[in-house]
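What follows is a short report on a single structure.
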Ligand code: HEM
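Numbering (full-length UniProt numbering), first residue to last: 1 to 138.
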């Protein structure tokens with residue numbers, strides 16, 4: 001997990017998160033424009049989803065340097081996503097929308113370094129979640 005500087009991610013997430021629910025709205029609009037077929041996996045009304053996404057991201061970011069907390073949280077989240085019908089290949093577009101959202105709300109402070117660190121962190125998150133989901137079916 002230590003490929004990235006956790007403090008940099010925490011600082012950047014704190015900066016983005018002051019925009020509250022706008023962040024989640026932007027994220028889902030970007031995701032459903034990118035991959036319209038993913039819309040049907042989600043409920044019609046998205047306001048609860050907006051809150052849970054932000055809550056989970058903030059939990060992940062705050063424990064990014066504590067694997068003992070983070071890994072079981074992500075494995076449980078990954079197993080539940082399997083039950084929601086989420087497949088391995090859905091993680092890439094979600095990652096792309098997450099990066100686009102972080103870049104948008106960071107504005108001119110967005111750097112290649114930040115992008116690389118977020119990609120590395122999301123890649124690990126996605127791997128832990130999808131590995132836990134795969135173990136259910138193997
Ligand atoms: C960093 C990765 C992700 C995080 C932090 C995250 C977070 C969450 C959270 C907190 C929930 C609420 C339910 C629960 O806690 O079990 C949820 C539900 C859901 N997520 Fe994710 N998710 C991620 C990746 C994905 C991906 C890749 C997809 C693929 C499209 C996805 C689709 C869904 C769906 C369909 C639901 C259920 C909506 C419902 O029926 O209420 N998520 N997600």
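By construction, the Cβ of each residue, glycine as well, lies at the ideal position given by its N, Cα and C atoms.
Note that the structure is predicted; figures quoted are calculated from it, not measured.
Do residue 74 and residue 128 have their C-beta atoms closer together than 8 Å?
yes
Complete alpha helix (DSSP H) runs within the region 65-136 (minimum length 4 residues, chain order)
67-83 and 91-106
Tell me where the alpha helix (DSSP H) around residue 45 begins and ends.
Note, residue 45: premise wrong, no alpha helix (DSSP H); not H, not E.
Please look up how many angstroms separate the CB atoms of residue 114 and residue 12, rounded, as I've assumed it's under 8 Å.
Contact between residue 114 and residue 12 holds: CB atoms are separated by about 6 Å, below the 8 Å threshold.
From residue 134 to residue 106, what does the alpha carbon distance come to, in whole angstroms?
34 Å
Can you tell which of 43, 52 and 91 has the C-alpha that lies nearest to the C-alpha of residue 119?
91
When 57, 35, 100 and 79 are compared against residue 26, the one with the closest alpha-carbon
100
Contacting residues, own chain, Cβ-Cβ under 6 Å from residue 63 (five flanking each side not counted)
Setting aside the 5 residues that flank it on each side, residue 63 is surrounded in the same chain by 69 and 70, each with a C-beta closer than 6 Å to its C-beta; the list follows chain order.
For residue 24, count the other beta carbons within 10 Å of its own beta carbon; 16 or more makes it buried, fewer makes it exposed. Which is it?
buried
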